[in-house]
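A.B. asks: What follows is a single structure, and I will ask about it in a moment.
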Amino acid sequence: MNNLLSTYASNISKIVLFAVASLLFTLSATAQASENSPATLAIKLELKQQQGEYHPPYVAAWLENSDRKPVRTLLLWRKEPKWLKDIRRWWRNVGRKDAALVDAITSATHAAGTFPLSFKATDDQQQSLPVGDYTLYIEVVREKGGRALLKQAFKIDNNTHKFTLNETAETGEITFTVTP
Amino acid sequence: MNIKKSLLFCLAVAISGQASAHSRWLLPSHFTLSSEQGEWIAVDASASNEVFNVDKALSIDGMSILTPSGKKARPSSSYKAHRKSVADYFIGDSGTYKITNNASASYFSSYKVADKRQRARVNKAELKAMAPANATNLQTTYGLTRVETYITMNNPTENYGTDGQFLELLPKTHPAEIVENEPATFTFTYHGKAQAGVEVEIAPDGARYRNTPNVMKLTTDKNGEITFTPAQAGRYLLIAEYEQEAKNKALADKEQGGVFLTFEAQLQ
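Sequences listed follow chains P and E, in order. Just so you know, we're using numbering that gives the first Met the number 0 here: the first sequence kicks off at 0 and counts up by one. Just so you know, we're using numbering that gives the first Met the number 0 here: the second sequence kicks off at 0 and counts up by one.
In structure tokens, the structure reads:
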């Protein structure tokens with residue numbers, strides 16, 4: 000009985016080992032094949048405290064490729080559709096051209112604070128962005144307040160890139176890290 | 000014709016017939032809208048020398064709204080004050096609306112008697128019959144002036160509604176895609192063909208509060224195009240004119256087309 004049990008256990012552990020081994024093999028094969036595993040984009044976004052009447056800002060962050068074509072909206076913090084036009088550049092270049100995208104990614108606004116955010120570097124169809132030059136845009140607009148448009152050119156390649164975006168009237172220092 | 004009506008008539012003639020007269024313009028409350036249910040807009044209509052400061056109300060009886068589906072609509076209500084008219088309209092569909100306040104093509108004549116210039120809304124044959132024997136400098140122009148603007152809700156459409164009559168502005172850069180510090184291009188046609196030599200002025204809003212008007216002056220090239228770069232975001236009035244010899248010399252000496260287009264240059 001004991002014997003039988005241990006044979007059984009050893010069989011199970013063999014199966015598990017095999018499974019783990021094949022999983023590892025698959026993973027490493029993917030990694031090697033892989034310009035395809037997307038880079039990671041980490042953004043530490045700080046929305047500043049403001050004096051007086053305060054409405055949490057509308058925020059959009061998106062990526063444009065080297066042809067200035069928008070390829071991915073990373074985030075959209077907003078209220079009713081009638082205010083989307085106030086996120087001027089994002090609305091002009093991205094939002095108004097793709098109603099389905101807007102519906103898919105919306106989320107509520109947030110009051111001042113620091114937001115550590117992380118995204119996979121994929122396009123709006125969840126396909127890895129190819130190696131190349133891109134620009135990150137962050138647009139922050141407050142009702143009865145100011146507007147800031149930040150942009151940072153970056154590369155997706157096999158290296159890590161770190162950027163610090165200077166503070167504006169609407170945003171504190173923003174860090175942006177691209178990790179392959 | 001009561002006094003008020005005749006004054007208005009004189010004003011209309013004066014405004015339409017003269018290059019140096021007041022600019023006519025439509026000013027919508029919004030050029031760009033985002034909405035799922037639709038939005039109300041208001042449009043001011045006035046004639047003035049200071050761009051977008053109201054002066055003399057334009058009649059908007061002829062205001063027409065070309066919807067994105069190509070239907071013609073009228074304002075849902077309107078009001079005429081002394082210095083401006085206001086039209087209300089509900090923008091219900093996604094796409095680009097063209098709002099026009101055009102008269103139909105007409106004759107404008109003038110003559111001088113004892114150094115005093117007189118005007119009449121008649122053709123050349125009628126002018127000869129009505130002008131006194133001692134009248135000099137008889138001049139008749141046949142033409143059409145367009146007063147127009149575009150409003151876009153959600154995705155822009157190329158809803159330009161051109162009709163091939165006299166001078167027309169055909170946007171090459173969509174009016175909803177004009178951005179500060181980025182070049183924009185418009186094509187001008189005369190009787191449907193690209194027209195070189197059209198004189199164009201583009202005036203930014205707010206001249207009352209500037210020492211220099213900052214008007215851009217351009218002339219269309221051989222393709223009928225102008226390209227300009229708005230230096231700052233804001234509202235602009237474009238004024239274009241083109242004149243040539245009349246085809247039917249019995250009825251007019253000159254033929255003339257004009258366009259007043261109001262547009263916004265957006266923030267980058």
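No residue lacks a Cβ here, since even glycine has one placed at the ideal position from N, Cα and C.
Could you check whether the Cβ of P/Trp90 sits closer than 8 Å to any Cβ belonging to chain E?
C.D. replies: By this cut-off, P/Trp90 is an interface position.
A.B. asks: Can you check whether the CB of E/Arg207 is closer than 8 Å to the CB of E/Glu268?
C.D. replies: Outside the displayed range of chain E (0 to 267) lies residue 268 of chain E, so it cannot be described from this structure.
A.B. asks: Could you tell me the alpha carbon to alpha carbon distance between P/His160 and E/Thr226, rounded to whole angstroms?
C.D. replies: Whole-angstrom Cα-Cα distance: 39 Å.
A.B. asks: What is the rounded straight-line gap between the Cα of P/Arg127 and the Cα of P/Ser117?
C.D. replies: Per the sequence shown, residue 127 of chain P should be read as Ser rather than Arg. For P/Ser127 and P/Ser117, the distance between alpha carbons rounds to 15 Å.
A.B. asks: Residues in its own chain within less than 7 Å of E/Arg116 by CB, not counting five upstream and five downstream?
C.D. replies: If we look at E/Arg116 and ignore the five residues flanking it on each side, its Cβ neighbours are Ser109.
A.B. asks: Using CA atoms only, rank isn't needed, just tell me which of P/Leu135, P/Pro56, P/Leu83, P/Ala110 is closest to P/Gly144.
C.D. replies: Of P/Leu135, P/Pro56, P/Leu83, P/Ala110, the residue nearest in Cα terms is P/Pro56.
A.B. asks: Let me check understanding here. Comparing Cα to Cα, which of P/Ile104, P/Leu44, P/Ala38 lies closest to P/Leu149?
C.D. replies: Nearest C-alpha to P/Leu149: P/Leu44.
A.B. asks: Return the CA-CA distance between P/Lys47 and E/His21, expressed in angstroms with no decimal places.
C.D. replies: Computed Cα separation, rounded: 47 Å.
A.B. asks: Per the contact definition of three or more C-beta pairs closer than 8 Å, is the region 65-84 of chain P in contact with the region 31-46 of chain E?
C.D. replies: Segments in contact, yes.
A.B. asks: Please name the residue in E/Gln138, E/Gly61, E/Val178, E/Ser47 whose C-alpha comes closest to that of E/Ala251.
C.D. replies: Checked all of E/Gln138, E/Gly61, E/Val178, E/Ser47; the closest Cα to E/Ala251 is E/Gln138.
A.B. asks: Could you check what DSSP says for P/Asp122 in three-state terms: helix, strand or coil?
C.D. replies: Here P/Asp122 sits in coil by DSSP.
A.B. asks: How long is the line joining the alpha carbons of E/Lys71 and P/Asn92, rounded to whole angstroms?
C.D. replies: The straight-line gap from Cα to Cα measures roughly 29 Å.
A.B. asks: Do E/Tyr189 and E/Tyr288 have their beta-carbon atoms positioned less than 8 Å apart in this structure?
C.D. replies: Lying outside 0 to 267, the shown extent of chain E, residue 288 of chain E is not represented and no answer is given.
A.B. asks: In chain order, what residues of the same chain have a beta carbon less than 7 Å from the beta carbon of P/Asn64, not counting five sequence neighbours either side?
C.D. replies: Cβ neighbours of P/Asn64 beyond the five flanking positions: Val70, Gly131, Tyr133.
A.B. asks: Looking at C-alpha atoms only, which residue of E/Leu126, E/Lys111, E/Met129 is the closest neighbour of E/Thr135?
C.D. replies: With distances taken between Cα atoms, E/Thr135 lies closest to E/Lys111.
A.B. asks: For the alpha helix (DSSP H) holding P/Arg87, just list the boundary residues, first then last.
C.D. replies: Note, P/Arg87: alpha helix (DSSP H), 87-92.
A.B. asks: Is any non-hydrogen atom of the ligand HEM found closer than 7 Å to the C-beta of P/Thr167, if you look at the structure I gave you?
C.D. replies: The ligand content of the structure shown is nil, which means the ligand HEM is not present either.
A.B. asks: If the criterion is Cβ atoms closer than 8 Å, does the pair E/Asn122 and E/Gly61 meet it?
C.D. replies: Their beta carbons are not under 8 Å apart, which means E/Asn122 does not touch E/Gly61 by this criterion.
A.B. asks: In angstroms, rounded to a whole number, what distance separates the CA positions of E/Gly191 and E/Leu266?
C.D. replies: Their Cα atoms are separated by approximately 33 Å.
A.B. asks: Enumerated in chain order, which unbroken segments of the alpha helix (DSSP H) with a length of 4 residues or greater are wholly contained in the region 28-93 of chain E?
C.D. replies: You should have found no qualifying run.
A.B. asks: Distance check for P/Glu166 and E/Gly91, CA to CA, integer angstroms please.
C.D. replies: Approximately 40 Å between the Cα atoms of the pair.
A.B. asks: Of all Cβ atoms in chain P, is any one closer than 8 Å to the Cβ of E/Thr31?
C.D. replies: Closer than 8 Å: yes.
A.B. asks: From which residue to which residue does the alpha helix (DSSP H) around P/Ile104 run?
C.D. replies: Run containing P/Ile104: 98-104, per the alpha helix (DSSP H) assignment.
A.B. asks: Measure the alpha-carbon distance for P/Leu40 versus E/Lys221 and round it to whole angstroms.
C.D. replies: Looking at the two C-alpha atoms, the distance is approximately 49 Å.
A.B. asks: Ignore the nearest five residues each way along the sequence and tell me which others in E/Ser45's own chain have a CB closer than 7 Å to its CB.
C.D. replies: So the qualifying residues of the chain are Trp24, Val53, Asp54, Lys55, Ala56, Leu57, Arg82, Lys83.
A.B. asks: From E/Ala113, E/Gly69, E/Leu168, E/Met129, pick the residue whose C-alpha is nearest to that of E/Thr148; which is it?
C.D. replies: The shortest Cα separation from E/Thr148 among E/Ala113, E/Gly69, E/Leu168, E/Met129 belongs to E/Leu168.
A.B. asks: Use the C-beta contact count for P/Glu138: other C-beta atoms within 10 angstroms, 16 or more gives buried, fewer gives exposed.
C.D. replies: P/Glu138 comes out buried.
A.B. asks: Any idea if E/Gln231 is buried or exposed, counting beta-carbon neighbours within 10 angstroms, 16 or more meaning buried?
C.D. replies: When all chains shown are included, E/Gln231 counts as exposed.
A.B. asks: For E/Gln194, collect the residues of the same chain with a Cβ closer than 8 Å to its Cβ; drop the 5 residues on either side in sequence, then sort them by chain order.
C.D. replies: So the list reads Leu166, Phe187, Thr188, Thr219, Gly223, Tyr241, once near-sequence residues are dropped.
A.B. asks: What are the residues that DSSP puts in a beta bridge with P/Ser218?
C.D. replies: The shown model of chain P, from 0 to 179, leaves out residue 218 of chain P, and the question about it has no answer.
A.B. asks: Closest to P/Lys78 by CA distance: which of P/Ile155, P/Thr105, P/Lys96 is it?
C.D. replies: The option with the nearest alpha carbon to P/Lys78 is P/Thr105.
A.B. asks: Can you tell which of P/Glu52, P/Asp102, P/Thr121, P/Asp123 has its C-alpha closest to the C-alpha of P/Ala111?
C.D. replies: Minimum Cα distance to P/Ala111 is reached at P/Glu52.
A.B. asks: Would you decide whether E/Gly279 is buried or exposed? Buried here means 16 or more other CB atoms lie within 10 Å of its CB.
C.D. replies: Given that chain E is displayed from residue 0 to residue 267, the structure contains no residue 279 of chain E and the question cannot be resolved.
A.B. asks: For the beta strand (DSSP E) containing P/Glu45, list its first residue and its last residue.
C.D. replies: Counting along the chain, the beta strand (DSSP E) containing P/Glu45 begins and ends at 39-46.
A.B. asks: If you draw a straight line from the alpha carbon of E/Tyr78 to that of E/Thr156, how long is it in whole angstroms?
C.D. replies: Rounded to whole angstroms, E/Tyr78 to E/Thr156 spans 29 Å at the Cα level.
A.B. asks: Measuring straight from C-alpha to C-alpha, what distance separates E/Arg209 and E/Met215?
C.D. replies: Distance between the alpha carbons of E/Arg209 and E/Met215: 15 Å.
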